[in-house]
Amino acid sequence: MPISIYRLTVPMFQRGLSSLKTYLDKAEAYAREKNIDPAILVSARLAPDMLPLSGQYQRASDSAKFALARLTAIEAPKFEDNEKTLDELRERLAKTDAYLAGFSPEALEGAEKREVTLPGKSGIVLPGDEYIAIFALPNFYFHVATAHAILRNQGAPIGKRDYLG
Numbered sequence: 067m068p069i070s071i072y073r074l075t076v077p078m079f080q081r082g083l084s085s086l087k088t089y090l091d092k093a094e095a096y097a098r099e100k101n102i103d104p105a106i107l108v109s110a111r112l113a114p115d116m117l118p119l120s121g122q123y124q125r126a127s128d129s130a131k132f133a134l135a136r137l138t139a140i141e142a143p144k145f146e147d148n149e150k151t152l153d154e155l156r157e158r159l160a161k162t163d164a165y166l167a168g169f170s171p172e173a174l175e176g177a178e179k180r181e182v183t184l185p186g187k188s189g190i191v192l193p194g195d196e197y198i199a200i201f202a203l204p205n206f207y208f209h210v211a212t213a214h215a216i217l218r219n220q221g222a223p224i225g226k227r228d229y230l231g
């Protein structure tokens, strides 16, 4: 029996958002314990040409909400990408999760066949199931894993179990 597009998207994105929330909780406790300004963690990055932690959260959020928007032709909410605090990142996660929670399995029926144009300038068009498998999920998890790596690099006690949920 094939797995549904709903099962491959909404619960998977929600699980990743839950991991990102756990990271924020641990980052906040770490900052408090070590007397570190949380803004340092929010602006930390792995390399000068990479997005900071805040950017990883913004892109993970966007990846989830825009994937569902592309699969259903339901417009996703637009966020300003101006989060500068741990609480603002928590709020963004909550808004993204609320958007995802509005989707039912029925809303995604037939989405595996919907043609989706990859974002950017490539112009590549894929059926919905391929879009999810080769672009949307890998992109989402890239940003979740990079947020994990940034916080680990800063010394926060984030582990594999936090990533896996």
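Here our numbering is used: the sequence shown runs in plain steps of one and ends on residue 231. Backbone N, C-alpha and C fix where the C-beta goes; we use that ideal spot for every residue, glycine too.
Expressed to the nearest angstrom, what Euclidean distance is found between the alpha-carbon atoms of Glu172 and Ala199? Rounded to the nearest angstrom, the two C-alpha atoms are 20 angstroms apart.
Is the beta carbon of Ser109 less than 8 angstroms from the beta carbon of Pro118? For Ser109 and Pro118, yes; Cβs fall inside 8 angstroms.
Let me check understanding here. Comparing Cα to Cα, which of Leu90, Ala164 and Arg111 lies closest to Ile216? Here the closest residue by C-alpha is Arg111.
So, at 8 angstroms on beta carbons, what are the nonlocal neighbours of Lys131 in its own chain, with the 5 sequence-adjacent residues on each side left out? If we look at Lys131 and ignore the five residues flanking it on each side, its Cβ neighbours are Ala142, Pro143, Thr162, Tyr165 and Leu166.
Using 10 angstroms around the beta-carbon of Gly236, count the other beta-carbons present and answer buried if the total reaches 16, otherwise exposed. No information on residue 236 is available, as it lies outside the stretch 67 to 231 that the chain covers here.
Own chain, CB closer than 8 angstroms to Asp228, minus 5 neighbours either side, in chain order: Cβ neighbours of Asp228 beyond the five flanking positions: Ser85, Thr88, Tyr89, Lys92 and His214.
Measuring alpha carbon to alpha carbon, tell me which residue in Asn205, Gly221, Pro223 and Arg218 is nearest Gly82. Out of Asn205, Gly221, Pro223 and Arg218, Asn205 has the C-alpha closest to the C-alpha of Gly82.
Following the continuous alpha helix (DSSP H) through Pro204, name the residue where it begins and the one where it ends. Per DSSP, Pro204 belongs to the alpha helix (DSSP H) from Leu203 to Asn219.
Beta-carbon gap between Phe169 and Leu134 smaller than 8 angstroms: Here Phe169 is near Leu134, since their CB atoms are less than 8 angstroms apart.
Grab me the residues of Glu178's own chain with a C-beta within less than 7 angstroms of its C-beta, minus the 5 sequence neighbours each way, in chain order. In chain order, Ile71, Pro193, Gly194 and Asp195 place their CB closer than 7 angstroms to the CB of Glu178, counting only its own chain and leaving out the 5 sequence neighbours on each side.
Please identify the residue among Ala95, Arg98, Leu159 and Tyr197 whose C-alpha is closest to the C-alpha of Leu184. Selected option, being the one with the closest Cα: Tyr197.
Secondary structure of Leu152, DSSP reduced to three states: Leu152: helix per DSSP, three-state reduction.
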